[in-house]
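Structure record follows, encoded as structure tokens.
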Amino acid sequence: MILLYVVLFLMIDNKVERNAHSVNLINCSLCQADFNDDGKLNFFDISDFLSAFATNDTSADFTEDGAFDFFDVSAFLAAFSAGCP
Ligand SMILES: [Ca+2]
Numbered sequence: 030m031i032l033l034y035v036v037l038f039l040m041i042d043n044k045v046e047r048n049a050h051s052v053n054l055i056n057c058s059l060c061q062a063d064f065n066d067d068g069k070l071n072f073f074d075i076s077d078f079l080s081a082f083a084t085n086d087t088s089a090d091f092t093e094d095g096a097f098d099f100f101d102v103s104a105f106l107a108a109f110s111a112g113c114p
């Protein structure tokens with residue numbers, strides 16, 4: 030997500046041309062289930078999500094309500110099952 034903000038800032042500031050790399054970063058960040066942002070949905074996304082959840086990492090607060098509970102896991106698994114565009 031931080032990369033997206035950096036790319037958008039640089040694009041607005043006209044320091045980076047609008048090229049394929051910028052588009053790829055934006056498209057990747059649209060898929061919340063791709064938890065490790067590698068462009069693939071697989072076991073590693075689930076593993077990374079569960080590790081973040083176990084340590085109360087804010088990235089695992091999938092429902093964005095400040096709590097770490099079943100609903101975050103359920104929301105992540107629903108997004109994972111839905112897949113990415
Ligand atoms: Ca992934």
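Offset between the sequence shown (1-based) and the working numbering: plus 29.
Each residue gets a CB set at the ideal place from its N, CA and C atoms; glycine is no exception.
N- and C-terminal bounds of the alpha helix (DSSP H) containing residue i
| i | result |
| --- | --- |
| serine 110 | 99 to 111 |
| leucine 59 | That residue, leucine 59, is in no alpha helix (DSSP H); it is neither H nor E in DSSP. |
| serine 76 | 72 to 83 |
Nearest neighbour of residue i, chosen from the options [CA to CA]
| i | options | result |
| --- | --- | --- |
| aspartate 98 | Ala107, Gly112 and Phe82 | Phe82 |
| leucine 27 | Pro114, Phe105, Ala111 and Cys113 | In this structure the chain extends from 30 to 114, so residue 27 is not present and cannot be described. |
| aspartate 101 | Cys113, Asn85, Ala111 and Pro114 | Asn85 |
| alanine 108 | Phe91, Asp67 and Gly95 | Phe91 |
| isoleucine 75 | Ala62, Pro114 and Ala111 | Ala62 |
| serine 88 | Phe72, Asp66 and Asn71 | Asp66 |
is_contact[residue i, chain C] using C-beta, thresh 7 Å
| i | result |
| --- | --- |
| cysteine 60 | Included in the structure is just one protein chain, with no chain C present. |
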